[in-house]
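J.: After the structure tokens below, expect a handful of questions from me.
2 protein chains.
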Amino acid sequence: MTLELFGLKKIPLVKKGDDIAKIIEDDLKEEDIQLENGDILLIAETLISKAEGNIIKMDDVEVSDKAIEIAEKCKKDPKIVETILQESNEIVAVGPNFIVTETKHGFVCANSGIDESNVEDGLATPMPENPDKSAKEIREYLEEKYQKEIAIIITDTQGRAFRVGAIGTAIGCSGINPLWVRIGDTDLYGRALETTEVATADELAAAASLLMGQADEGIPIVLIRGFDAFNILRDTETGIKPLLRPKEFDVFRK
Amino acid sequence: MTLELFGLKKIPLVKKGDDIAKIIEDDLKEEDIQLENGDILLIAETLISKAEGNIIKMDDVEVSDKAIEIAEKCKKDPKIVETILQESNEIVAVGPNFIVTETKHGFVCANSGIDESNVEDGLATPMPENPDKSAKEIREYLEEKYQKEIAIIITDTQGRAFRVGAIGTAIGCSGINPLWVRIGDTDLYGRALETTEVATADELAAAASLLMGQADEGIPIVLIRGFDAFNILRDTETGIKPLLRPKEFDVFRK
Numbered sequence: 001m002t003l004e005l006f007g008l009k010k011i012p013l014v015k016k017g018d019d020i021a022k023i024i025e026d027d028l029k030e031e032d033i034q035l036e037n038g039d040i041l042l043i044a045e046t047l048i049s050k051a052e053g054n055i056i057k058m059d060d061v062e063v064s065d066k067a068i069e070i071a072e073k074c075k076k077d078p079k080i081v082e083t084i085l086q087e088s089n090e091i092v093a094v095g096p097n098f099i100v101t102e103t104k105h106g107f108v109c110a111n112s113g114i115d116e117s118n119v120e121d122g123l124a125t126p127m128p129e130n131p132d133k134s135a136k137e138i139r140e141y142l143e144e145k146y147q148k149e150i151a152i153i154i155t156d157t158q159g160r161a162f163r164v165g166a167i168g169t170a171i172g173c174s175g176i177n178p179l180w181v182r183i184g185d186t187d188l189y190g191r192a193l194e195t196t197e198v199a200t201a202d203e204l205a206a207a208a209s210l211l212m213g214q215a216d217e218g219i220p221i222v223l224i225r226g227f228d229a230f231n232i233l234r235d236t237e238t239g240i241k242p243l244l245r246p247k248e249f250d251v252f253r254k
Numbered sequence: 001m002t003l004e005l006f007g008l009k010k011i012p013l014v015k016k017g018d019d020i021a022k023i024i025e026d027d028l029k030e031e032d033i034q035l036e037n038g039d040i041l042l043i044a045e046t047l048i049s050k051a052e053g054n055i056i057k058m059d060d061v062e063v064s065d066k067a068i069e070i071a072e073k074c075k076k077d078p079k080i081v082e083t084i085l086q087e088s089n090e091i092v093a094v095g096p097n098f099i100v101t102e103t104k105h106g107f108v109c110a111n112s113g114i115d116e117s118n119v120e121d122g123l124a125t126p127m128p129e130n131p132d133k134s135a136k137e138i139r140e141y142l143e144e145k146y147q148k149e150i151a152i153i154i155t156d157t158q159g160r161a162f163r164v165g166a167i168g169t170a171i172g173c174s175g176i177n178p179l180w181v182r183i184g185d186t187d188l189y190g191r192a193l194e195t196t197e198v199a200t201a202d203e204l205a206a207a208a209s210l211l212m213g214q215a216d217e218g219i220p221i222v223l224i225r226g227f228d229a230f231n232i233l234r235d236t237e238t239g240i241k242p243l244l245r246p247k248e249f250d251v252f253r254k
């Protein structure tokens with residue numbers, strides 16, 4: 001029982017209008033990698049945002065009074081705060097140099113997931129518009145090319161409540177259900193499993209992050225091979241939504 | 001750039017007094033696996049607790065008034081609630097059928113991490129007494145046997161705020177610093193990295209969980225090979241503490 005992770009090494013710097021699916025196809029050719037059934041490709045969200053041209057010029061941002069007020073509280077640049085507010089449904093918590101929001105997509109994370117890294121100065125990349133849709137388009141293109149059943153997961157690096165440090169986290173997916181519901185499965189003693197819901201897509205994202213973070217030049221795409229549960233979780237309709245806890249069920253959002 | 005995960009296949013059911021380090025040594029021999037420098041062994045916490053005989057008999061639990069009161073709120077068995085309280089420093093939140101506490105170790109998690117699974121009926125396993133110490137003892141034994149530098153991480157499966165589903169999480173470690181502080185590292189454009197603190201031990205635990213969860217009989221120990229950052233993070237003194245956010249710095253614990 002083994003699992004293999006490969007970092008794709010030939011991914012060029014991405015610019016607006018680039019076709020990520022094609023870029024992956026070219027990389028796989030160049031590295032002589034054949035996709036297999038059950039392969040899972042994990043893609044750093046910043047790659048998708050850049051291909052979408054989903055980039056905010058800080059100079060163009062008009063700062064609202066609310067942004068100025070919150071910028072005071074958290075000691076962030078008012079323009080950054082304004083972009084964070086524009087990308088959010090609501091503010092969950094404000095802390096020193098961060099604002100935890102619920103993003104337009106429904107993710108609860110710091111600074112609406114806006115990434116000031118890996119873009120030229122004066123620019124910031126928000127999360128992709130629709131990570132599930134991007135994942136689906138890339139999956140369908142590669143499945144058609146290779147005639148294999150695969151999954152695509154779009155990943156971000158996010159902090160957590162209660163624990164220090166960020167980890168790779170799934171923000172979009174296609175081809176696999178992100179949540180493994182194991183109700184009915186039993187343990188060594190035939191008892192119902194303690195853990196009946198596993199956020200498999202988040203575990204895959206965290207695993208991929210181990211490679212993405214390492215190389216100096218960064219590894220934006222990781223291939224995971226040998227995840228047998230792919231067959232159980234295969235699902236071409238469901239996106240990331242099963243991993244998002246509705247506000248009314250979250251004891252930390254009262 | 002690749003990462004390999006192996007599930008150790010010959011781990012027997014563990015009972016009180018068993019020597020986990022010796023059990024791992026025997027498994028590696030049987031599977032003909034030679035440990036290499038930089039290998040990381042991830043061990044499910046329930047294995048450590050069982051070897052410690054750290055098991056609570058529900059019949060022996062004397063229920064306090066506070067436990068009865070909280071059991072009312074969360075609709076859990078008062079005896080389970082009592083054990084949860086006894087394993088905790090404080091209650092963080094109470095929800096339907098769960099109590100989020102800070103455990104004696106300082107972890108914020110559901111039900112003080114008490115595991116009702118994989119033990120015979122009427123018994124429950126709390127977290128290991130001192131996961132860092134257990135990890136250190138196992139590491140030192142195996143490093144001495146194999147004359148290699150390795151890391152041991154004790155893992156649990158824990159839920160999260162804001163997201164559905166549990167993921168593999170590190171609760172003890174030895175041989176590696178669990179937190180990768182990257183302040184000073186730069187991105188593709190020479191800018192300071194957005195993410196300066198990565199909870200590497202949690203990412204390793206989540207990756208291992210992908211294998212631990214799969215087999216029907218369960219894979220309690222996973223070997224991760226090829227994690228180059230091991231050399232950067234090598235540390236024989238630090239335990240899991242760098243991943244625990246002090247209460248006063250957590251906006252979700254006001």
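From first to last, the protein sequence lines are chains A and B.
All the letters of the first sequence, read from the start, carry residue numbers 1 to 254 under full-length UniProt numbering.
All the letters of the second sequence, read from the start, carry residue numbers 1 to 254 under full-length UniProt numbering.
We put the CB at the ideal spot given by N, CA and C, even for glycine.
Thr95 (chain B) touches chain A at which residues, Cβ-Cβ below 7 Å?
T.: The count along the second sequence starts at 1 and reaches residue 95 (chain B) at position 95. Here residue 95 (chain B) turns out to be Gly, not Thr, going by the sequence shown. Simply Val251.
J.: Taking its Cβ as the centre, do 16 or more other Cβ atoms sit within 10 Å of Leu5 (chain A), making it buried, or is it exposed?
T.: Along the first sequence, read from residue 1 onward, the residue named residue 5 (chain A) stands at position 5. Label assigned to Leu5 (chain A): buried.
J.: For Ala205 (chain A), which residues of its own chain have a beta-carbon under 7 Å away from its beta-carbon, when the five flanking residues on both sides are left out?
T.: As a working mapping, residue 205 (chain A) is identified with position 205 in the first sequence. Result list for Ala205 (chain A): Leu42, Ile153, Thr155, Gly168, Thr169 and Ala170, in chain order.
J.: What does Phe227 (chain A) touch in chain B if you count any residue whose Cβ is under 7 Å from its own?
T.: Your numbering for residue 227 (chain A) matches position 227 in the first sequence. Correct list: Leu210.
J.: Does the separation of the CB atoms of Ala21 (chain A) and Tyr141 (chain A) fall below 8 Å?
T.: Looking up residue 21 (chain A) in the first sequence gives position 21. Looking up residue 141 (chain A) in the first sequence gives position 141. Contact: yes.
J.: Does the distance between the C-beta of Lys22 (chain B) and the nearest non-hydrogen atom of the ligand FAD fall short of 7 Å?
T.: No copy of the ligand FAD occurs in the structure displayed, which carries no ligand at all.
J.: Taking Cβ positions, are Phe162 (chain B) and Phe98 (chain A) nearer each other than 8 Å?
T.: Position 162 of the second sequence, counted from the first residue, corresponds to residue 162 (chain B). Position 98 of the first sequence, counted from the first residue, corresponds to residue 98 (chain A). No, these two residues do not count as a Cβ contact at 8 Å.
J.: Quick check: is the beta carbon of Val63 (chain A) nearer than 8 Å to any beta carbon in chain B?
T.: Mapped onto the first sequence, residue 63 (chain A) falls at position 63. False, the Cβ-Cβ gap to chain B never drops below 8 Å.
J.: Among B:Lys79, B:Ser174, B:Asp19 and B:Gly7, which has the Cα closest to the Cα of Glu237 (chain B)?
T.: Taking the second sequence and counting its residues from 1, the one referred to as residue 237 (chain B) is at position 237. Of the listed residues, the one whose Cα sits closest to Glu237 (chain B) is B:Ser174.
J.: Would Gln147 (chain A) be called buried (16 or more neighbouring beta carbons within 10 Å of its own) or exposed?
T.: Sequence index remark: in the first sequence, residue 147 (chain A) carries index 147 (1-based). Exposed is the call here.
J.: Let me check understanding here. Comparing Cα to Cα, which of A:Glu137, A:Phe107 and A:Lys136 lies closest to Pro126 (chain A)?
T.: The count along the first sequence starts at 1 and reaches residue 126 (chain A) at position 126. With distances taken between Cα atoms, Pro126 (chain A) lies closest to A:Phe107.
J.: Using a Cβ-Cβ cut-off of 6 Å (strictly less than) and excluding sequence neighbours within five positions of Asp115 (chain A), which residues of its own chain qualify?
T.: Translated into positions along the first sequence, residue 115 (chain A) becomes position 115. Excluding residues within five positions, the ones whose Cβ falls inside 6 Å are Thr46 and Thr125.
J.: Quickly, what does DSSP pair Phe98 (chain B) with across the bridge? List them, please.
T.: Start at 1 with the first residue of the second sequence, and residue 98 (chain B) comes out as number 98. In the DSSP output, where bridge partners are listed per residue, Phe98 (chain B) has B:Gly95.
J.: Between residue 256 (chain B) and Asn89 (chain B), what straight-line distance do the alpha-carbon atoms span, to the nearest angstrom?
T.: As displayed, chain B neither begins before 1 nor continues past 254, which places residue 256 (chain B) out of reach and without an answer.
J.: Would you please verify whether the beta carbon of Ile219 (chain B) is less than 8 Å from any beta carbon of chain A?
T.: Within the second sequence, numbered from 1, the residue matching residue 219 (chain B) stands at position 219. Cβ-Cβ to chain A under 8 Å: yes for Ile219 (chain B).
J.: Which word fits Lys73 (chain B), buried or exposed, when buried means at least 16 other C-beta atoms lie within 10 angstroms of its C-beta?
T.: Residue mapping note: residue 73 (chain B) aligns to position 73 of the second sequence, counting from 1. With a 10 Å radius around the Cβ and a threshold of 16 neighbouring Cβ atoms, Lys73 (chain B) comes out exposed.
J.: Looking at the unbroken alpha helix (DSSP H) that takes in Arg139 (chain B), where does it start and where does it end?
T.: By 1-based counting over the second sequence, the position of residue 139 (chain B) is 139. Note, Arg139 (chain B): alpha helix (DSSP H), Pro131 to Tyr146.
J.: In this structure, what does DSSP give as the bridge partners for Phe6 (chain A)?
T.: The count along the first sequence starts at 1 and reaches residue 6 (chain A) at position 6. Its beta-bridge partners are A:Leu223 and B:Thr2.
J.: Given Lys15 (chain A), which residues of its chain have a CB within under 7 Å of its CB, disregarding the five upstream and five downstream residues?
T.: For the purposes of this step, residue 15 (chain A) is identified with residue 15 of the first sequence, where counting begins at 1. Same-chain partners within the cutoff: Lys50.
J.: Since I believe Val61 (chain B) is in contact with Lys76 (chain B) (beta carbons under 8 Å), could you give me their beta-carbon distance rounded to a whole number of angstroms?
T.: In the second sequence, the residue the question calls residue 76 (chain B) occupies position 76. In the second sequence, the residue the question calls residue 61 (chain B) occupies position 61. In fact, because the Cβ distance is near 13 Å, the residues do not count as touching under 8 Å.
J.: Mapping the DSSP letters down to three states, classify Gln34 (chain B) as helix, strand or coil.
T.: In the second sequence, counting from the first residue as 1, residue 34 (chain B) sits at position 34. In the structure shown, Gln34 (chain B) sits in coil (DSSP, three-state: anything other than H, G, I, E or B).
J.: Could you confirm whether any beta carbon from chain B is found closer than 8 Å to the beta carbon of Ile11 (chain A)?
T.: For this step, residue 11 (chain A) is matched to residue 11 along the first sequence. No, its Cβ sits nowhere closer than 8 Å to a Cβ of chain B.
J.: Please classify Gly168 (chain B): does DSSP put it in a helix, a strand, or coil?
T.: Counted from its first residue, the second sequence places residue 168 (chain B) at position 168. Strand at Gly168 (chain B).
J.: Can you list, in chain order, the residues of its chain whose CB lies under 6 Å from that of Val198 (chain A), leaving out five sequence neighbours each side?
T.: Here residue 198 (chain A) is taken as the residue at index 198 of the first sequence, counted from 1. Cβ within range, chain order: Trp180.
J.: Grouping DSSP H, G and I as helix and E and B as strand, with all else coil, what is Asp228 (chain B)?
T.: The residue given as residue 228 (chain B) occupies position 228 in the second sequence. Of the three classes helix, strand and coil, the one that applies to Asp228 (chain B) here is coil, per DSSP.
J.: DSSP beta-bridge partners for Val81 (chain A)?
T.: Position 81 of the first sequence, counted from the start, is the residue given in the question as residue 81 (chain A). Val81 (chain A) pairs with nothing; no bridge assigned.
J.: Leaving aside the five residues before and after Val92 (chain A) along the sequence, list all residues of the same chain whose C-beta is less than 7 Å from its C-beta, in chain order.
T.: By one-based count along the first sequence, residue 92 (chain A) stands at place 92. Excluding sequence neighbours, Val92 (chain A) sits near Val100, Thr101, Glu102, Val108 and Arg253.
J.: Suppose you measure from the CA of Ser134 (chain A) to the CA of Val164 (chain B); what does that come to, to the nearest Å?
T.: As a first step, residue 134 (chain A) is located in the first sequence; it is residue number 134 there, counting from the start. As a first step, residue 164 (chain B) is located in the second sequence; it is residue number 164 there, counting from the start. Rounded to whole angstroms, Ser134 (chain A) to Val164 (chain B) spans 22 Å at the Cα level.
J.: Taking CB distances under 8 Å as the criterion, tell me whether Met58 (chain B) reaches chain A.
T.: Your numbering for residue 58 (chain B) matches position 58 in the second sequence. No - not a single Cβ of chain A is within 8 Å of the one on Met58 (chain B).
J.: Check whether chain A comes within 8 Å of Arg139 (chain B), counting only Cβ atoms and requiring the distance to be less than that.
T.: Counting from 1 along the second sequence, the entry for residue 139 (chain B) is found at position 139. It does not; no Cβ of chain A falls within 8 Å.
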